[in-house]
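Student: Questions regarding the structure given below will be posed in turn.
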Amino acid sequence: MERVYLDNNATTIVDPLVREAMEPFACEMYGNPNSLHDFGTEVHPFMRLAFDRLYAGINARERDDILLTGCATESNNTVIKGVWYDLIRTGKRSEIVTTQVEHPCVVHACGFVESLGAKVVRLPVTADGIVDPDLLAKHIHPDRTALVSIMWANNETGLVFPIRELARLCRERGILFHTDAVQAIGKLPVDVADVPVDFLSFSAHKFHGPKGVGGLFVREGRSLPPLLHGGEQMGGRRAGTVNVAGLVGMGLAMELAVKNLGYEATEVRRLRDRLEDAVLAIDGVTVVGRRELRTPNTILMSVEGVEGEAFIWDLNRGGVAASTGSACASESLEPNPTFVAMCLSPDLAHTGVRLSLSRFTTEEEVDHAIGVIRGSVERLRRISPAGR
Ligand code: 7TS
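Numbered continuously in the numbering used here, the sequence shown closes out at residue 446.
Below you can see the structure in the form of structure tokens.
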């Protein structure tokens with residue numbers, strides 16, 4: 059076996075069916091959908107089908123909006139900066155409430171609006187790594203809170219937040235609720251009819267769709283000024299020529315992701331548990347977060363005496379691709395903020411390694427990875443002065 063990809067929370071392989079569906083839109087069907095001639099109009103039915111698949115995938119209603127964006131980073135920025143522009147800049151409300159464990163695109167967008175005068179409240183997580191609804195209830199008030207932004211599932215730990223309860227608390231108080239559902243789509247059922255979110259972000263490449271295309275659900279009647287001004291695409295809410303191939307790919311990827319939720323909950327979980335049991339059998343290994351609270355595909359492990367970056371390098375040499383938490387933060391030598399927020403020791407914060415599977419991960423790959431991980435821990439402990 060040449061190499062095993064266990065970094066599916068960073069990005070995923072494009073499903074061959076998705077690739078096939080996208081191909082015509084890079085070739086003969088290249089018209090701009092805003093053009094009036096046949097080259098433009100012939101792509102309309104394919105766009106409609108893709109949007110239908112996105113709406114069905116999250117159970118949105120026809121009158122809700124799903125905006126096509128360039129990525130979840132753009133979706134998250136659109137919400138945070140839009141709500142700042144609408145409600146905070148105008149003095150109607152003053153605060154955004156979020157958590158200490160969001161993805162950097164939420165962290166930095168909140169930091170930016172803070173620099174413009176917004177108050178940002180960053181809630182800590184419990185020892186289990188999730189957000190306590192009672193704590194949220196204490197920190198929100200309709201006079202002050204413009205927006206609550208809390209991720210559905212954490213990219214580093216896989217921990218799933220009680221999003222229905224958190225969203226309901228906000229709905230009852232008339233406070234806008236946004237969730238970054240990037241790590242939930244394709245791993246858990248996501249139903250906006252059941253969970254009263256106002257805004258929800260997702261990114262195609264995390265569920266076997268293409269890179270460079272994301273989505274933003276906006277519930278019917280919610281105001282949201284555009285981040286990108288320009289043409290009339292997306293009803294003027296997100297200008298720029300539609301990425302037709304990306305949209306078609308994301309639509310089919312969503313449909314396939316939802317179809318495979320059962321497989322994810324059983325087979326992917328079984329393989330994850332098999333891998334997790336094997337790594338836990340190694341002396342000095344801990345895994346962050348209770349299994350039943352996590353997405354079915356994720357393990358964040360820590361090996362006592364083995365520095366995370368060194369571990370990743372060594373695993374890579376053995377053909378196993380893993381990550382030290384978020385690839386977006388992997389250039390930094392600072393302790394991982396999620397680990398710090400979970401009150402893990404700075405030592406642990408430097409030893410975290412994330413293994414994330416997908417529906418394309420096979421049993422043989424998992425077994426091969428187990429052997430490589432065992433060998434790597436042994437070797438690194440032998441050569442490390444801190445090792446045992
Ligand atoms: N939100 C979450 C929860 C994410 O996990 C990511 C990517 C993003 C937003 C950004 O998505 P993009 O499509 O705009 O790039 N997360 C990771 C990760 O965990 N490792 O690499 C990228």
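Don't be surprised by glycine CBs; every beta carbon is placed ideally from N, CA and C. Model, not experiment: these values are computed from the prediction.
1) Residue range of the beta strand (DSSP E) that H236 falls in?
2) Should V62 and V378 be called a contact, given that it needs their Cβ atoms to be closer than 7 Å?
3) Closer than 7 Å by C-beta to R417: which residues in its own chain qualify, once you throw out the five before and the five after it? Chain order, please.
4) Please classify G187: does DSSP put it in a helix, a strand, or coil?
5) Starting from E153, trace the beta strand (DSSP E) both ways and give me its first and last residue.
6) May I ask you to report which of helix, strand or coil DSSP gives T136?
7) Closest to F104 by C-alpha separation, out of G89, I116, D256, A118, would be which residue?
8) Using the Cα positions of I146 and G187, report the straight-line distance between them to the nearest angstrom.
9) For N213, is the beta carbon positioned less than 6 Å from some heavy atom of ligand 1?
10) Using a Cβ-Cβ cut-off of 6 Å (strictly less than) and excluding sequence neighbours within five positions of S388, which residues of its own chain qualify?
11) Alpha carbons only, please: which of R231, V435, A225, G279 is nearest the one belonging to F2?
12) Nearest by alpha-carbon distance to I154: which of T419, R202, E81, I116 is it?
13) Over the uninterrupted beta strand (DSSP E) stretch that includes I124, give me the two end residues.
14) Determine the DSSP secondary structure at G294, reduced to helix, strand or coil.
15) Between the C-alpha atoms of I138 and G433, what's the straight-line distance to the nearest angstrom?
16) If you pair each beta-carbon of the region 121-134 with each one of the region 267-287, do three or more pairs fall below 8 Å?
17) Given this structure, state the Cα-to-Cα distance separating F235 from P82, to the nearest angstrom.
18) Going along the chain, which residues of its own chain have a beta-carbon closer than 6 Å to the beta-carbon of G216, five neighbours each way excluded?
19) I want to see whether chain C comes within less than 7 Å of D190, judged by CB atoms only; does it?
20) Determine the DSSP secondary structure at T324, reduced to helix, strand or coil.
21) Let's test the definition: count the other Cβ atoms within 10 Å of the Cβ of G232 and tell me whether it reaches 16, buried, or not, exposed.
Tutor: In brief:
1) Start and end: 234-238.
2) Between V62 and V378, the C-beta spacing is below 7 Å.
3) Within the same chain, R417 has close Cβ partners N318, Y321, E322, V326.
4) Taken through DSSP and simplified to helix, strand or coil, G187 comes out as coil.
5) Run containing E153: 153-157, per the beta strand (DSSP E) assignment.
6) Helix at T136.
7) It is G89.
8) If I take the Cα positions, the gap works out to 30 Å.
9) Yes, Cβ of N213 sits closer than 6 Å to a heavy atom of ligand 1.
10) Low confidence applies here, because S388 scores a pLDDT of 49, under 50, leaving its location unreliable; read the following figure in that light. Cβ neighbours of S388 beyond the five flanking positions: T382.
11) Past the boundaries of the shown model lies residue 2; the chain is included only from 59 to 446, so the question cannot be answered.
12) For I154, the closest of T419, R202, E81, I116 by C-alpha to C-alpha distance is R202.
13) Judged by DSSP secondary structure, I124 falls within the beta strand (DSSP E) whose first and last residues are 123-127.
14) Under the three-state reduction of DSSP, G294 is assigned to helix.
15) In a straight line, the C-alpha of I138 is about 45 Å away from that of G433.
16) Output reads yes: the region 267-287 touches the region 121-134.
17) Roughly 38 Å separates the two Cα atoms.
18) Here G216 has R352, T353, T356 as same chain residues with Cβ atoms under 6 Å from its own Cβ, once five neighbours each way along the sequence are excluded.
19) Within the model displayed, chain C is absent; a lone protein chain is all it includes.
20) Look at T324 here: in three-state DSSP terms it is helix.
21) Exposed is the call here.
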